[in-house]
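*Asks:* For the sequence shown, the numbering used here gives the first residue as 708, with consecutive numbering after it.
Note that beta-carbon positions come from the ideal geometry of N, C-alpha and C, so glycine has one too.
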Amino acid sequence: MRSAVIDANLAIYAIIPSSKHEQALNLLETLAERNIPVYVPQLWVSEVTTGIRKSMVMGSVSTETALLALQAVLALPIEKVSEDPDLCIQAYHWAERLGQLAVYDAMYLALAERMQADFYTADQRLFNRCQQLGAEFVKWVS
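1. Cutting at 8 Å between CB atoms, please list the residues of its own chain near residue 790, excluding the five before and the five after it.
2. By how many angstroms is the C-alpha of residue 808 removed from the C-alpha of residue 738?
3. What are the boundary residues of the alpha helix (DSSP H) that includes residue 678?
4. Kindly provide the ranges of any beta strand (DSSP E) runs that are 3 or more residues long and lie completely inside the segment 728-783, ordered along the chain.
5. Run through DSSP, which three-state label would residue 825 get?
6. Taking the straight line between their C-alpha atoms, what separation do you get for residue 728 and residue 795?
7. Could you check what DSSP says for residue 786 in three-state terms: helix, strand or coil?
8. Could you check which residue in 767, 745, 819 and 716 has the C-alpha nearest to that of residue 756?
See below:
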């Protein structure tokens, strides 16, 4: 296994009880055990924070649990990569290929491509679209 880029949804699923909790947690544990470097675009921090807050607002977890979960996720040994101009341009091109208006998903793909990393996501729609485009470095965590 080479280096990895992980989607925000995986970090949220690993820390907040859900149907994908076990799979997401297993992936993070495997990456850590094998000392595989994990990278994320800087926007990951905002996406994780939003996802955990959403879990609290929807009643999945208490405010206290949400804050503890956020602290735990932000303490993970994950390298946050700034979105420099070149990465933004690559994300723009990925968004075009994906047929997406926003570049959020595309930023992860651009980073994985730059780092020559596998990109792990629990977003089946994104995974399916990437498979149609021949992006074999995209892995679905079901």
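*Replies:* According to the structure data:
1. So the list reads 748, 749, 750, 798 and 814, once near-sequence residues are dropped.
2. Rounded to the nearest angstrom, the gap between the Cα atoms of residue 738 and residue 808 is 31 Å.
3. Coverage of the chain is limited to positions 708 through 849, which leaves residue 678 absent and any answer about it impossible.
4. You should have 745-748.
5. In the structure shown, residue 825 falls within a strand segment according to DSSP collapsed to helix, strand and coil.
6. Between the C-alpha atoms of residue 728 and residue 795 there is a straight-line separation of about 31 Å.
7. Per DSSP, reduced to three states, the secondary structure at residue 786 is strand.
8. Among 767, 745, 819 and 716, the Cα nearest to that of residue 756 is on 716.
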